[in-house]
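Contents: one structure, followed by commentary.
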Amino acid sequence: MTPKEAANKKVLIANGQGFWGDSILGPVRLVNEGPLDYLTLDYLAEVTMSIMQKLKTRRPEMGYATDFVKLIDRVLPQLVEKNIKVVANAGGVNPHACKDAVMEIISKHGYSGIKVAVVEGDDILEGLDDLMSKGEEFKNMDTGAPLSTVRDSVTSANVYLGAFPIAEALDQGAQIVITGRGTDPGLVIGPLIHEFGWTKEDYDKIAAGTVAGHIVECGAQCTGGNYTDWREVPDMARIGYPIIEASDDGTFVVTKHEKTGGLVTIPSVAHQLAYEMGDPANYITPDGIADFTSFSMEEEGPNRVRVSGVKGAPPTPTYKVSMSYHDGWKALGQLTVSGPDALAKAQLCAKIVWQRLALDGYEYTPEERMVEFVGANVCHDGIAIPGAQEPSEVVLRMGVKGPDRAKVDRFGPELVPLVTSGPPGVTGFAGGRPKATEIIGYWPALLRKDLVKTHVTVFTS
34 MTPKEAANKK VLIANGQGFW GDSILGPVRL VNEGPLDYLT LDYLAEVTMS IMQKLKTRRP
94 EMGYATDFVK LIDRVLPQLV EKNIKVVANA GGVNPHACKD AVMEIISKHG YSGIKVAVVE
154 GDDILEGLDD LMSKGEEFKN MDTGAPLSTV RDSVTSANVY LGAFPIAEAL DQGAQIVITG
214 RGTDPGLVIG PLIHEFGWTK EDYDKIAAGT VAGHIVECGA QCTGGNYTDW REVPDMARIG
274 YPIIEASDDG TFVVTKHEKT GGLVTIPSVA HQLAYEMGDP ANYITPDGIA DFTSFSMEEE
334 GPNRVRVSGV KGAPPTPTYK VSMSYHDGWK ALGQLTVSGP DALAKAQLCA KIVWQRLALD
394 GYEYTPEERM VEFVGANVCH DGIAIPGAQE PSEVVLRMGV KGPDRAKVDR FGPELVPLVT
454 SGPPGVTGFA GGRPKATEII GYWPALLRKD LVKTHVTVFT S
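Position in the sequence shown (from 1) plus 33 gives the number in the working numbering.
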């Protein structure tokens, strides 16, 4: 590619999933409603990895985002026709099983020659003890405690890999790239590295890709979803998912397909930029550090916001590791209380539950129990709401937690009886009798990069 060709080249990268459970219509419409070079899909959150690990333990062929396979089944003909490449972290803790399921879909549609890549190396669960024996303490980034304090309870451990393995997979001709845990922006940076030939030393460009990936990583949250001025958002039912129109120099435009709902404005983009933000001047990823205070935004037309001037810095020598562990048990249930004095009756119901449990010898500390009166300003406790009146109905939510499963389970049977043995207006309960379920704790830590080996394997259908 000549310098002139590189300067004129535009790459269209969209993100159609902000989490596992996002609407399948987002990516389906992105593929069908306009031009696209890449479709990225972000399925993973911290707790998702633990859920997938549990699914894999029960069924060895599971442990990945099954929604992804359903999506490929639905849009594969369009992906082939338009030559749209897909990059997704749908592999979870079992990327090869995800790849096998995708290969079955490709065969079902009668295609051959499609290359599917698997990026792995993020899952270090089986190697934890070896790493700890070599001196890695995996200190909790929030508390400073060593992992040894909860090692026996760890259920998943995954490194946030960077974007260069994704670019490697695309360099090898993959049309579908499946990864495990990685950074959310990496799904966008990888294609940019592949398309423009960016190097690890292109700090400003990598930082620009990081900002672009961060803007679109939550899907429609930058095109009018979850937006403070929600009344200004047109046709939210057909909200357009975001597209990055990227250039080799690191500048890019945030946009969406024409004739779709939602909006792309500086406020809507800024709304997402502030999401999950620590130090805005030092947004750390495994590929580099982005300065979110360095760039400028301008609206260059309807639903087009241009971002330029992003500055970056070299990466740190460590990866972030996301671990989950068993942290006890919880039980949660709710009742609806209606009629006059609904809040007072709900408060009495809660008092009755704790007193009846105490009669049977079960005491719960304030840290072990939870009471909420939904409908009585519980979400904004302490903030006055003008014109607020006494509610005519309240949802009473109660719960307990702790290390003793039997003690947690004892709570459930005392909530439902209030329907007939409590004050009037207790009209029903949702979800049946509360039962103890596992609490998943989150353990963030750091690991030296030289101790992690990534692998890229490309399979041809």
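Every residue gets a Cβ at the ideal spot worked out from N, C-alpha and C, and that includes glycine. Remember, predicted model here, so these are calculated numbers, not experimental data.
Measuring straight from C-alpha to C-alpha, what distance separates residue i and residue j?
| i | j | result |
| --- | --- | --- |
| E400 | M431 | 13 angstroms |
| G311 | G143 | 47 angstroms |
| G464 | G366 | 7 angstroms |
| R264 | R271 | 15 angstroms |
| Y274 | A207 | 24 angstroms |
| P348 | D393 | 57 angstroms |
| G160 | A178 | 20 angstroms |
| L63 | L69 | 8 angstroms |
| D324 | E234 | 16 angstroms |
| T369 | D268 | 33 angstroms |
| G125 | R214 | 6 angstroms |
| D262 | H359 | 40 angstroms |
| L58 | P436 | 41 angstroms |
| N116 | S140 | 18 angstroms |
| T99 | T318 | 27 angstroms |
| H488 | V343 | 30 angstroms |
Can you tell me whether residue i is helix, strand or coil according to DSSP?
| i | result |
| --- | --- |
| S145 | coil |
| W387 | helix |
| H290 | coil |
| I105 | helix |
| L296 | coil |
| V135 | helix |
| F52 | coil |
| A478 | strand |
| N191 | strand |
| E169 | coil |
| M351 | First, the amino acid is wrong: residue 351 is Thr here, not Met. Here T351 sits in strand by DSSP. |
Provide the residue(s) that pair with residue i in DSSP beta bridges, ordered along the chain.
| i | result |
| --- | --- |
| G492 | What sits at residue 492 in the sequence shown is Phe, not Gly. Looking at the DSSP assignment, F492 forms a beta bridge with V149. |
| F406 | L429 |
| K42 | Paired residues: none, contrary to the question. |
| F285 | A279 and V340 |
| A323 | Y316 and G345 |
| Y358 | V187 and G474 |
| K363 | K434 and T470 |
Cutting at 8 angstroms between CB atoms, please list the residues of its own chain near residue i, excluding the five before and the five after it.
| i | result |
| --- | --- |
| V80 | S357, I473 and Y475 |
According to the Cβ coordinates, are residue i and residue j closer than 8 angstroms?
| i | j | result |
| --- | --- | --- |
| T293 | E66 | yes |
| P224 | I105 | no |
| Y76 | Q50 | yes |
| G321 | A409 | no |
| V354 | V192 | yes |
| A469 | L429 | no |
| F492 | K167 | no |
| G458 | S371 | yes |
| T243 | V152 | no |
| G96 | N127 | yes |
| I157 | A196 | no |
| V120 | V210 | yes |
| G445 | A364 | yes |
| K132 | L203 | no |
For residue i, collect the residues of the same chain with a Cβ closer than 7 angstroms to its Cβ; drop the 5 residues on either side in sequence, then sort them by chain order.
| i | result |
| --- | --- |
| A134 | V102 |
| D281 | A39, A40, K42 and F229 |
| I138 | V102, I105, D106 and L109 |
| E278 | K43, L45, F285, V286 and T288 |
| C251 | G51, Q305 and Y308 |
| E376 | At residue 376 the sequence reads Leu, which differs from the Glu that was named. So the list reads F406, A409, E423, P424 and V427, once near-sequence residues are dropped. |
Apart from the five residues just before and just after residue i, which ones in its own chain have a Cβ nearer than 6 angstroms to its Cβ?
| i | result |
| --- | --- |
| N315 | I322 |
| T490 | V151 |
| F171 | L180 and A478 |
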